[in-house]
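The next block holds one structure in the form of structure tokens; read it before the comments.
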Amino acid sequence: MSNKKAMSGNQIDRYRRRFLAQSAAIAGAATLGGGLVLTRVAHARPADQAVNSDKRWGLLIDAGKCANDCDECVKACEMEHGWGRGSSDEQHSSPEQKAQWIRKVTVRDRTTGHETSLPMMCQHCAYPPCVDVCPTGASMKRDDGIVQVDKHRCIGCRYCMMACPYKARSFIHEDLHAQKTESPRGKGTVESCNLCVNRVDRGENPACADACPEKAILFGDLKDANSEIARRLASEPSTEIRGDLRLDLGVRYQGI
Amino acid sequence: MKPTTFREISGDSTGYWALLGLLGLIIAAGLGAAWYMEHNGHWVTGMNNQIVWGMPHVFAVFLIVAASGALNVASMASVFGRTAFKPLSRLSGLLAIALLAGGLMVLVLDLGRPDRLIMAMMNLNFMSIFAWNIILYNGFFVIVAVYLWTLMERRGNRFTKSAGLFAFLWRLILTLGTGSIFGFLVARQAYDAAIMAPLFIALSLSFGLAIFMLVLFASYRGCGRPLGDDMIIRMQRLLGLFVVAALLFVIAYHLTNLYAAEHRDVERFILDGNNVYSGLFWVGYVLLGSLIPMAIAWFAPFRASLGWASTAAVLVVTGGMAMIYVIIIGGQAYPLQLFPGKEVSSSFFDGVVSPYTPSLAETLLGIGGVGVALAIVVVGIRLLKFLPLSLEDAKVDPHYKADKV
Numbered sequence: 029m030s031n032k033k034a035m036s037g038n039q040i041d042r043y044r045r046r047f048l049a050q051s052a053a054i055a056g057a058a059t060l061g062g063g064l065v066l067t068r069v070a071h072a073r074p075a076d077q078a079v080n081s082d083k084r085w086g087l088l089i090d091a092g093k094c095a096n097d098c099d100e101c102v103k104a105c106e107m108e109h110g111w112g113r114g115s116s117d118e119q120h121s122s123p124e125q126k127a128q129w130i131r132k133v134t135v136r137d138r139t140t141g142h143e144t145s146l147p148m149m150c151q152h153c154a155y156p157p158c159v160d161v162c163p164t165g166a167s168m169k170r171d172d173g174i175v176q177v178d179k180h181r182c183i184g185c186r187y188c189m190m191a192c193p194y195k196a197r198s199f200i201h202e203d204l205h206a207q208k209t210e211s212p213r214g215k216g217t218v219e220s221c222n223l224c225v226n227r228v229d230r231g232e233n234p235a236c237a238d239a240c241p242e243k244a245i246l247f248g249d250l251k252d253a254n255s256e257i258a259r260r261l262a263s264e265p266s267t268e269i270r271g272d273l274r275l276d277l278g279v280r281y282q283g284i
Numbered sequence: 016m017k018p019t020t021f022r023e024i025s026g027d028s029t030g031y032w033a034l035l036g037l038l039g040l041i042i043a044a045g046l047g048a049a050w051y052m053e054h055n056g057h058w059v060t061g062m063n064n065q066i067v068w069g070m071p072h073v074f075a076v077f078l079i080v081a082a083s084g085a086l087n088v089a090s091m092a093s094v095f096g097r098t099a100f101k102p103l104s105r106l107s108g109l110l111a112i113a114l115l116a117g118g119l120m121v122l123v124l125d126l127g128r129p130d131r132l133i134m135a136m137m138n139l140n141f142m143s144i145f146a147w148n149i150i151l152y153n154g155f156f157v158i159v160a161v162y163l164w165t166l167m168e169r170r171g172n173r174f175t176k177s178a179g180l181f182a183f184l185w186r187l188i189l190t191l192g193t194g195s196i197f198g199f200l201v202a203r204q205a206y207d208a209a210i211m212a213p214l215f216i217a218l219s220l221s222f223g224l225a226i227f228m229l230v231l232f233a234s235y236r237g238c239g240r241p242l243g244d245d246m247i248i249r250m251q252r253l254l255g256l257f258v259v260a261a262l263l264f265v266i267a268y269h270l271t272n273l274y275a276a277e278h279r280d281v282e283r284f285i286l287d288g289n290n291v292y293s294g295l296f297w298v299g300y301v302l303l304g305s306l307i308p309m310a311i312a313w314f315a316p317f318r319a320s321l322g323w324a325s326t327a328a329v330l331v332v333t334g335g336m337a338m339i340y341v342i343i344i345g346g347q348a349y350p351l352q353l354f355p356g357k358e359v360s361s362s363f364f365d366g367v368v369s370p371y372t373p374s375l376a377e378t379l380l381g382i383g384g385v386g387v388a389l390a391i392v393v394v395g396i397r398l399l400k401f402l403p404l405s406l407e408d409a410k411v412d413p414h415y416k417a418d419k420v
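Protein chains in written order, with my numbering: chain A, 29 to 284; chain B, 16 to 420.
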């Protein structure tokens, strides 16, 4: 009887141990798997599939991490798209005429004197004024939120430049010769940050996000509640530049 | 009163051909400048990524606004029943078409890719006020041409009234559209105001009439056709009235902006900036373009003088150009407010007032547009019956009494 009791006690212990082990395994798998899902890189869209509005690409920029004297993001953009230091073109243009897809802006509080440095580029508005005003539809927003210029349709009227609240657009003032295959540019047309659409469509991050040594630029899908950018935007404070215009920006900032 | 007799000008004098030659040279210079800008790219202009619209846009907007205003002389007769203006309707329509053609030529030739214009016109984005304007401008040509046909062709006479009314409504909408190009720009402190649209209508009335007066006076002086004192006085007074209307809108615009704290800095920049824009506004627009023409319009010593009326018109045109320059260039020179209330600096000239010096090429392109407009009129009045043989007071005013003046 006592043996029977002892056996059933051992069996119960075995069952309990197995149950605990299995539960731990399932919990572990769920945690790790979930983690893998949560931290997965943005899936590349197959080339034969049209862009849709299931995603909205955006950036979260932590200005608190952005060093005053660092312009790695700018340099990466120049190299990726072949402007500025990434190109031998635009020799005739004055500094005011040269294109700048992204720039470092220093913001100084007049009262306290506190300075913040941050990268400024196209803010990829959900309601982009540049798209509204473009007479030909060359200035356009993809369904995934990327705002860019179709340089084959642009007539160079520059109305979009007048309309952009962020001075994100540049007009090309002269002939260009050294262009990047993936980033065509042309005299007499307007251009701006396209969120590295060439890289995003391959499932990669924009060049600026990859280049930032402080990892201050986070790229991701704003519509995916499990993406890091969406989770951080949901749990941490962030700002839209000129949020008063209610353009619903794809680029959000922290630390300003 | 006998019906007005219209007659082509003879156009066989040396003066006529010299004028046409001069206009030809001006147009050639404008086209040459456009080719130079397109061939090299816009780096040869004073325009840049900070001041994206420059001198060509000042000329183009001025001419387009003036075009709709020039048609107003015809509307005075066809819509508002002022029969004394009826003999001027044909010239009014011709000048409206001519000014619009000149303005559009400048606008189109300044494009980065003018070669794509036709393609662009077939792919219009109807959210864009620019796209609407393309339709409004093209429609204006057609409607004014039809209106002119109803005036000049006996079979069309019975449609004159309705065509005139339609043309009047169309020109109102057209100028609303031109003003809205700026009114819809939420990003810029100097624009982003609904009042820009009616302001442009008010400006169009004075710009258009001023140019009309100059063209009319020059034609009659040149051809030796009679022009009555009453007609001059009528135009002087009307110009004064239009100048007051425009000035009131300008005052309302600036007072509203001064009241709003967020716009005070840009107002200080335009009105009290110790810069070219403040000078052009106060001296160019307010003093030369408004106050002096108003004095000429209403003070007796200047009355019924072709010289003074012409002076007033020249001043209104000069002041008008100054005003459009202040609106277009001054509005862009003032920096965008990325972080309102904070100081901003960058490699892209954020936070600083952008300098702008128009180049010779872009100025020549603008003047070329004026040349095109004038050439259309000069050729038009020689080919077709646009000008009455006489504008003597007794011939245009059924109630004219010789002792009135």
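Here a beta-carbon is modelled for each residue, glycine too, at the ideal position from N, C-alpha and C. Given the structure is predicted, the values throughout are model-derived calculations rather than measurements.
Two segments are said to touch when three or more pairs of C-beta atoms, one from each, lie closer than 8 Å; by this definition the segment 249-262 of chain B does not touch the segment 165-178 of chain B. When C-beta atoms of the segment 35-51 of chain B are compared with those of the segment 173-193 of chain A, fewer than three pairs fall below 8 Å, so the two segments do not count as touching. Leaving aside the five residues that flank B/Thr-165 on each side, the residues in its chain whose CB is nearer than 7 Å to its CB run, in chain order, Gly-171, Asn-172, Phe-174, Thr-175 and Ala-178. B/Phe-296 places its beta carbon 8 Å or farther from that of B/Val-331. Residue-level contact check: A/Asp-160 touches chain B, since one or more beta carbons of chain B fall below 8 Å from its beta carbon.
With a contact defined as Cβ atoms closer than 8 Å, B/Ala-160 and B/Ile-112 qualify at about 7 Å. Counting other Cβ atoms within 10 Å of its Cβ, A/Glu-106 reaches 16 or more and is therefore classed as buried. Rounded to whole angstroms, A/Asn-254 and A/Thr-144 show a C-alpha spacing of 30 Å. If you draw a 10 Å sphere on the C-beta of A/Arg-46, you find fewer than 16 other C-beta atoms in it, and that means exposed. According to the DSSP assignment, B/Gly-255 belongs to no beta strand (DSSP E) but to the alpha helix (DSSP H) extending over 244-274. Distance from the Cα of B/Gly-192 is smallest, within the candidate group B/Ala-202, B/Val-201 and B/Asn-148, for B/Asn-148. B/Ala-49 and B/Met-142 have their C-alpha atoms some 29 Å from each other. Nearest C-alpha to B/Pro-129 among A/Ala-127, A/Lys-215, A/Ala-91 and A/Trp-85: A/Lys-215. Within the segment 187-201 of chain A, those residues whose Cβ lies closer than 9 Å to any Cβ of chain B are, in chain order, Tyr-187, Met-189, Met-190, Ala-191, Cys-192, Pro-193, Tyr-194, Lys-195, Arg-197, Ser-198, Phe-199, Ile-200 and His-201.
The shortest CA-to-CA distance from B/Leu-110 to any of B/Val-230, B/Thr-19, B/Tyr-235 and B/Glu-53 is the one to B/Val-230. Restricting attention to A/Ile-174, A/Thr-164 and A/Asp-99, the CA atom closest to the CA of A/Cys-240 is found in A/Asp-99. Within the model, the alpha-carbon separation for A/Ala-75 versus A/Thr-217 is close to 27 Å.
Between B/Ile-144 and chain A, the shortest Cβ-Cβ separation is below 8 Å. At least one CB of chain A lies nearer than 8 Å to the CB of B/Ala-135. Residues of chain B whose Cβ lies closer than 8 Å to the Cβ of A/Gln-128 are, in chain order, Asn-64, Ser-362 and Phe-363. Under DSSP, A/Thr-134 shares a beta bridge with A/Ser-145 and B/Ser-360.
Under the three-pair Cβ rule at 8 Å, the segment 341-355 of chain B counts as touching the segment 61-75 of chain B.
Taking a C-beta distance under 8 Å as the contact criterion, B/Thr-190 and B/Ser-107 do not qualify as a contact pair. CA-CA distance, B/Trp-32 to B/Gly-39, rounds to 10 Å. Within the segment 44-70 of chain B, contact with chain A at the beta-carbon level (separation under 9 Å) is assigned to Glu-53, Asn-55, Gly-56, His-57, Trp-58, Val-59, Thr-60, Met-62, Asn-63, Asn-64, Gln-65, Ile-66, Val-67 and Trp-68.
Cβ proximity to chain B below 9 Å picks out His-180, Arg-181, Cys-182, Ile-183, Gly-184, Cys-185, Arg-186 and Tyr-187 from the segment 171-187 of chain A. Remark: C-beta atoms of B/Phe-232 and B/Ser-325 approach each other more closely than 8 Å.
Judged by DSSP in its simplified three-state form, A/Tyr-281 adopts strand.
Restricted to the segment 303-377 of chain B, the alpha helix (DSSP H) segments that are unbroken, complete and at least 4 residues in length are 307-313 and 321-340, listed in chain order. Contact residues of the segment 135-161 of chain A toward chain B are Val-135, Arg-136, Asp-137, Arg-138, Met-148, Pro-157, Val-159, Asp-160 and Val-161 (C-beta to C-beta distance below 8 Å). As computed with DSSP, A/Asp-249 is found in a beta bridge with A/Trp-85. Taking C-beta atoms as the reference points, A/Gly-248 and A/Glu-242 fail to come closer than 8 Å. For A/Ser-167, there is no enclosing alpha helix (DSSP H); the enclosing beta strand (DSSP E) has its first and last residue at 167-169. C-alpha of B/Ile-247 to C-alpha of B/Ala-99: approximately 11 Å in a straight line. Contact between the segment 160-169 of chain A and the segment 198-216 of chain A is absent: fewer than three C-beta pairs spanning the two stretches fall below 8 Å.
The residues Ile-174 and Gln-176, in chain order, have a CB closer than 7 Å to that of A/Asn-222 in the same chain once the five nearest residues on each side in sequence are set aside.
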